[in-house]
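Numbering (this note's numbering), first residue to last: 1012 to 1587.
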């Protein structure tokens, strides 16, 4: 033990010397754009251990946290580190994912906030056993409150959902992950649990925790305290509360004000529709998986556990995941990117709000709004009812699509409803729309889904010339109807074969009818196309009225050759 003490003292001196030499440079030059207390937390860091030293073995010795790795223990001693926790809980199944090893080596380090954050990071940066150290971003909920107005759900009409729902009412097997402040699932003083009337029928139910096997939740029969499906979470019927670490993800955002950011987001994505209650949701019948990641200490900021929420949703089968939060920072967080890449490797498609700072976010800029700016995340900006950029919305290279984001009516706690605005609202609306499309074409990848949403969108760039990126406003009508070909007769004419030569069809004359058929750009390629011509005019007699055209790709046209064109004549037996 004496030898160990000398080693820790030596490490202490080494770290202390480095801090004295570099702390000023780090604070001023190394981390431009990092603002402790604003866009990063002041009392915590992410660390990623090298695989050689993973997993960390932690213990307490004389009220000091020790890992057995001398450099880490020395830093912990200097800065009063009181907790090091794994960033993710992974199951054996999760390790089939090639990104699981990356996630498994991330830890969150907590220390008193009166220490200089840059000095703590610098000390950990010098630990050879660590692959990365990173700041913990303070990702803000990106909403803007608004006085309620009775312009209920104009966004559904604007984006053509009536015709979209003619194609699909959403598939109950398509799951939307809502990583937010939770959903309205009140626990009353008598321990009764009241779930929002317009969400309860669309909540995902984890059949793996259905202890009595009846397919529905029962607090008497199912709540047994056992992790029946071995996913790392006991009795996670509807999701998980990652801040309070329990199985009831009630909306914890601004609870003292009756808050409801997550409740509102969930309803926009997929409130129960056609149930004669409340509002309609884009996903109609698609199910909602709830990951509550509010912050007990700062209600306007997401918990760092939000990334565990992303991993949870992906591991448990979410097809799309919505992130209505984020922050401006100079560079992407590798720890957060690992979580997103894990989710994408699981097949989850991630939507994220573009942010409410009214700033341009270009690839060559100093700061970007993350997670929206993360590769292959579908970034969503906000528009008004007139298809103009909402005055708060960010724009630029990472705004892949835009959606209504003003006066958005949705569910609110205690079985109420409210209209608010923000890219927090645009993103789940777009996410629910994506889930609706997956109900029809479930094998689409993230890039394919994004491309389909862009190709079928209403192009509003001309009216938003000053805001590059505010271009592709979602159109659910065309998006859902694009799942089949859209044929149009783009040209047809009459060619006289036998007659008086005036090119006007008259009784006794024979005409051919050359036709060009188009398949609209943005719709589905057509294969083995056949045609057949019919008429209600009993004077018309066709000698060939049908044929085979072959394949017509979306955006292409095909002309029926003259020698195969339909041929008709007019009968003498009826008046002209």
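A virtual CB, placed ideally from N, CA and C, is assigned to each residue, including glycine.
Note that the structure is a prediction, hence the values are computed from the model and not measured.
Our contact map puts residue 1434 next to residue 1282 with C-beta atoms below 8 Å; I'd like the distance itself, whole angstroms only.
19 Å between Cβ atoms; not a contact.
Is the region 1447–1459 in contact with the region 1375–1383, if contact means three or more CB pairs nearer than 8 Å?
Taking 8 Å as the limit for Cβ pairs, the verdict is that the region 1375–1383 does not touch the region 1447–1459.
Can you give me the start and stop residues for the alpha helix (DSSP H) that residue 1590 sits inside?
Nothing can be reported for residue 1590, as the shown portion of the chain is limited to 1012 through 1587.
Does the region 1399–1411 touch the region 1475–1493, meaning 3 or more C-beta pairs lie closer than 8 Å?
Because the criterion of three Cβ pairs below 8 Å is met, the region 1475–1493 and the region 1399–1411 touch.
Any idea what DSSP makes of residue 1188, helix, strand or coil?
Note: residue 1188 maps to strand in three-state DSSP.
DSSP three-state call for residue 1130: helix, strand or coil?
Helix, per DSSP.
Which complete alpha helix (DSSP H) runs does the region 1415–1467 hold, if anything under 4 residues is left out?
Counting whole runs of 4 or more residues, the region 1415–1467 contains the alpha helix (DSSP H) stretches 1434–1449 and 1457–1466.
Please return the same chain residues whose Cβ sits closer than 6 Å to the Cβ of residue 1036, not counting the five positions on each side in sequence.
Because the pLDDT at residue 1036 is just 32, under 50, the model does not fix this residue reliably, and the value given afterwards should be weighed accordingly. Around residue 1036: no qualifying Cβ.
Could you name the residues of the same chain whose beta carbon sits closer than 7 Å to that of residue 1350, not counting the 5 residues immediately before and after it, in chain order?
Taken in chain order, the residues that qualify are 1114, 1318, 1321 and 1322.
Residue 1426 and residue 1275: beta carbons closer than 7 Å?
Going by C-beta atoms, residue 1426 is not nearer than 7 Å to residue 1275.
Comparing alpha-carbon positions, which option in 1130, 1391 and 1396 lies nearest residue 1365?
Nearest of 1130, 1391 and 1396 to residue 1365, Cα basis: 1391.
Starting from residue 1333, follow its DSSP beta bridges and name the residues at the other end.
According to DSSP, residue 1333 bridges with 1189 and 1362.
The ligand COA and residue 1182: does the residue's C-beta get closer than 6 Å to at least one heavy atom of that ligand?
Inclusion of the ligand COA in the displayed structure is not the case, the ligand content being empty and no account of it being possible.
Just verifying my parser: in three-state terms, what is the DSSP assignment at residue 1176?
Correct three-state label for residue 1176: helix.
Give me the Cα-Cα distance between residue 1408 and residue 1373, rounded to the nearest whole angstrom.
Between residue 1408 and residue 1373, the C-alpha separation is close to 5 Å.
Taking 8 Å as the cut-off, does the region 1429–1448 touch the region 1168–1182 (at least 3 CB pairs, one atom from each stretch)?
Yes, since at least three Cβ pairs between the region 1168–1182 and the region 1429–1448 fall closer than 8 Å, the two stretches touch.
For residue 1535 and residue 1469, what's the separation of their Cα atoms in angstroms?
If you take the alpha carbons of residue 1535 and residue 1469, they lie about 18 Å apart.
What residue from 1052, 1224 and 1482 has the CA that sits closest to residue 1398's CA?
Answer by Cα proximity: 1482.
I'd like the span of the beta strand (DSSP E) that includes residue 1379, first residue to last.
Per DSSP, residue 1379 belongs to the beta strand (DSSP E) from 1379–1381.
For residue 1324 versus residue 1185, is the C-beta spacing smaller than 7 Å?
No, the Cβ-Cβ distance between residue 1324 and residue 1185 is not below 7 Å.
Using DSSP bridges, identify the partner residues of residue 1250.
Paired residue(s): 1301.
In three-state terms, what does DSSP make of residue 1084?
Of the three classes helix, strand and coil, the one that applies to residue 1084 here is helix, per DSSP.
For residue 1072, list the residues DSSP reports as bridge partners.
Partner(s): 1075.
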